[in-house]
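Chemist:
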Amino acid sequence: MKINRLQSSLSVVLFSLSSAVLAEIVLDGTLGTKGALVGPYFLIKNTMGQQIGGNLFHSFESFSVNTGERATFIGPSSVENILARVTGGNRSVINGTLRSEIPNANLYLLNPSGILFGKNARLDIAGSFHASTADYLRLGEEGRFSARYPVDSLLTVAPPQAFGFLDNPAPITIQDSLLSVHEDKTLSILGGDLQMDNSALYAPDGQVNLVSVASGGEVIPSLSNTADKLGIITLSQSPEVAFKKIDDTEIANIDTSGVNGGNVFIQGGKFFSSGGRISSQVAPSLTQTKVGSITIETQEMTLQDNTYIDTKTYGSGEGGDITITATDNLTMIGSSISVASGPETTGNAGTIQLNIGQLTLQEGSFLNSGTLGSGKGGDITIMATQGISLFGQDMSSQPSLIASSVGDSFTRISGDGGQIRITTPRLELKDRGAVQTGAFGLTSGNAGNIWLKTDHLILNNSGTIISSTVGSGSGGTIKIFSTDIEMNSGSIKSRSVGKGNAGSIRVTTETASLNDISIISTLALDAGGGNIEFNVRDHLYLFDSGITAYAKGKQPHHHGGNITIENPRLFTLDNSQLLANAKRGKGGNIDVRATQIRPLGDSVIDASSELGLNGRLFINGIDISNNIIPLSINYLAAEKLLPTRCAARLGTNLSRFIVTGPEILPESPHALSVHIPSQLLNRSPN
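Reading the sequence shown from the start, the letters are residues 681 to 1366 in the numbering used here.
#1: Just checking, does the region 814 to 828 make contact with the region 710 to 718 on the three C-beta pairs under 8 Å criterion?
#2: CA-CA distance, Phe1120 and Ser1085?
#3: What residues are listed by DSSP as bridge partners for Gln1235?
#4: Quick one: Cα of Asn994 to Cα of Thr1252, how far?
#5: Assuming contact is defined by CB atoms lying nearer than 8 Å, are Ser1193 and Glu1213 in contact in what I supplied?
#6: Given Lys725, which residues of its chain have a CB within under 6 Å of its CB, disregarding the five upstream and five downstream residues?
#7: Please name the residue in Leu1039, Asn878, Phe843 and Ser918 whose C-alpha comes closest to that of Thr906.
#8: Given Arg802, which residues of its chain have a CB within under 6 Å of its CB, disregarding the five upstream and five downstream residues?
#9: Please specify which runs of the beta strand (DSSP E), each continuous and at least 3 residues long, are wholly inside the region 699 to 726, giving them in chain order.
#10: Which residues in the same chain have their Cβ closer than 6 Å to the Cβ of Phe1223, if we skip the five residues on either side of it in sequence?
#11: I need the DSSP call for Asp832, collapsed to helix, strand or coil.
#12: Could you spell out the range, first to last residue, of the beta strand (DSSP E) harbouring Ala1260?
#13: Taking the DSSP output, what are the residues bridged to Leu903?
#14: Quick one, are the C-beta atoms of His1239 and Gly1268 less than 8 Å apart?
#15: Between Ser902 and Phe951, how many whole angstroms is the CB-CB distance? I'm expecting something under 8 Å.
#16: Between Pro884 and Ser959, what straight-line distance do the alpha-carbon atoms span, to the nearest angstrom?
#17: Mind checking whether Gly1143 and Asn1181 have CB atoms under 8 Å apart?
#18: Shortest alpha-carbon distance to Asn878 belongs to which of Phe923, Gly1210, Thr727 and Ser892?
#19: With distances taken Cα to Cα, identify the nearest neighbour of Asp1008 among Arg824, Glu977, Ile1002 and Thr1031.
#20: Could you give the first and the last residue of the continuous beta strand (DSSP E) run that contains Thr1252?
#21: List in chain order: all unbroken beta strand (DSSP E) runs of 3+ residues lying wholly within the region 809 to 886.
#22: Please name the residue or residues paired with Gly1226 in a DSSP beta bridge.
#23: Only counting runs of 3 or more residues, tell me where the beta strand (DSSP E) segments fall wholly within the region 1028 to 1065, in order along the chain.
#24: From Phe809 to Ile1082, what distance separates their C-alpha atoms?
#25: Report yes if the C-beta distance between Thr1149 and Arg1186 is below 8 Å; otherwise report no.
#26: By DSSP's criteria, Thr991 is part of a beta bridge. Which residues make up the other side?
#27: Check whether the Cβ atoms of Gly1030 and Gly1000 sit closer than 8 Å, and answer yes or no.
#28: Check for me: the beta strand (DSSP E) holding Asp1135 runs from which residue to which?
#29: Would you tell me roughly how many angstroms separate the C-alpha atoms of Leu1334 and Gly1281, rounded to the nearest one?
#30: Give, in chain order, every unbroken run of the beta strand (DSSP E) that is at least 3 residues long and sits entirely within the region 915 to 960.
#31: State the Cα-Cα distance for the pair Val1177 and Ala1204, rounded to the nearest angstrom.
#32: Nearest CA to the CA of Ser1018: which residue from Asn786, Ile974, Thr982 and Ile869?
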């Protein structure tokens, strides 16, 4: 009998332990009821916890919801916030539905041991949802709801104000899940390392917060973070797995699209995305205000495998801004960041603001601002403290771009393009990497301007800075401020294919070197050419390259652009061209003011017009005494002159410097004109 009683007692103990292990939702008794709840449809009543003011507090030893199960919070309508903490030391696994029958109440789930959302996790709540592995919630200025040390809690009526972390927090994983809240609500995930795989967070017209920390501190999403270290956020979407859908509409991994669009806030030490999408877009509406913005704050950021981040407006509201701060680097590999306004819209596109260390775009990545309506394209502003590198691919692939565009091939629009402003110590465009603005199709809008300030500008192997227009709008102005410019098969261009005039190019630099068929040019096919102004304080060197301003328009007023080169100590033209030409209009003027000019090889300076008047050509080499070589040929002896004139025909390797333009060779002495430099006129007599 003693043995039987012992066996019976042991069976009861084992059964109790088994029940405790299998129990998914267990109240810990610190705030009221203690014990396991009965599933699979768990009812969590307000009487099981404590209500203070608008806060309803619950405390659980364990909290998990399996597939097919549902946990429902019940309480009076006076409840504004449901605060649920997990104290038992095991992570929460949510693979079922979290539900609230309390109208508009927000739900906070706090588990310092970790949280996992699985494939079948769903939210059915009217308010906002916040999941965190924080150790406590700060209530107002003095209250505290602690999950790590429950006895340290001070429950008050104040709503949650901050998420508190005592040390390195546990991770949160979202695996093949779709978590969504109602319109104009907030969805927050805050903890240690955050990982999203083939999942979606959806808050239409609301806000999504992702914050990862790796040390103690308090976090108020989008406002402040006192943690010394930040964690890692990983967003991945497998190309073999379809994006999540709501009502047959595909949504991004992080999505706040809706009638007005919502905000996205992401903060972490490292942010990595493979194939992910972050989006805030709006449907057409006559009452829109400003579309939601996307803000990312991190140290290192990598976007690859067709990741895209975008805001877009289809109505009258202003497009949402994208602001990224990456103190170390932002690397984009086959990915994009864009702001846009859609067809037939009146709202302006949002802006892109990057504050980073090193920016690298490769394999067809791009930053883009575009408008397809009457609204203005958004500006792109980049401040990179270390440098910017754009690497394209082969000629058959997409180049890597920083671009602002207006219109397309089929749309008649009037919006102007956004501006591009870049400040960095080193800007390198290589293998078709480009900074460009353009107005395309039937647009009457003007292309945006380009403004660059850099110590070192490097354009290699078809690296390009270009502004172009196809419609009736004008091309944008390109302004470059640099210490040195190095171009090897690179180009700086302004183009007009339509009725709009080509934009101007203005360059200020200490030195510039153009090599291997590099070109700085303006070209207008059916309009007036743009001007080129080059202010060089030391040395301008052209080898097998050119500076050209050409107007091919057929109207008399389609004049060639002017070329002005000022202040170089030495201007070397080696087998290169300086051209300001026109077809029907007047040729452009060429004005070169250099201390010393050194022409080498077959070099040409030409300011002519094919059918119209030639332009004016002025070359002012202030010190030319060392460049005058006495001619040894007696021009009065024809028998000595003829062999010399035929030398070029014999294939001899000779240099030629050809200068063409009006009044270069006057027809008579009366046509001679003398230009006296102003500095000579201002000198007082000895």
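Ideal Cβ placement from N, Cα and C applies to all residues, glycine included.
Modeler: Put simply:
#1: no
#2: 8 Å
#3: In the DSSP output, where bridge partners are listed per residue, Gln1235 has none listed.
#4: The identity of residue 994 in the sequence shown is Tyr, whereas the question assumes Asn. If you take the alpha carbons of Tyr994 and Thr1252, they lie about 52 Å apart.
#5: no
#6: Ile754
#7: Phe843
#8: Thr777
#9: 705 to 708, 714 to 716 and 721 to 724
#10: Asn1195 and Asp1254
#11: helix
#12: Gln1257 to Ala1262
#13: None, per the DSSP bridge assignment.
#14: yes
#15: Rounded, the Cβ-Cβ distance is 15 Å, inconsistent with contact.
#16: 11 Å
#17: no
#18: Phe923
#19: Glu977
#20: Leu1250 to Asp1254
#21: 809 to 812, 816 to 819, 823 to 826, 840 to 845, 852 to 855, 858 to 860, 866 to 871, 874 to 877 and 880 to 882
#22: Ile1199 and Gln1257
#23: 1032 to 1042 and 1046 to 1051
#24: 37 Å
#25: no
#26: Ser960 and Val1019
#27: yes
#28: Ile1130 to Asn1140
#29: A caution first: Leu1334 carries a pLDDT of 42, below 50, which makes its placement in the model unreliable, though a value can still be read off. Whole-angstrom Cα-Cα distance: 7 Å.
#30: 943 to 947 and 950 to 954
#31: 6 Å
#32: Ile974
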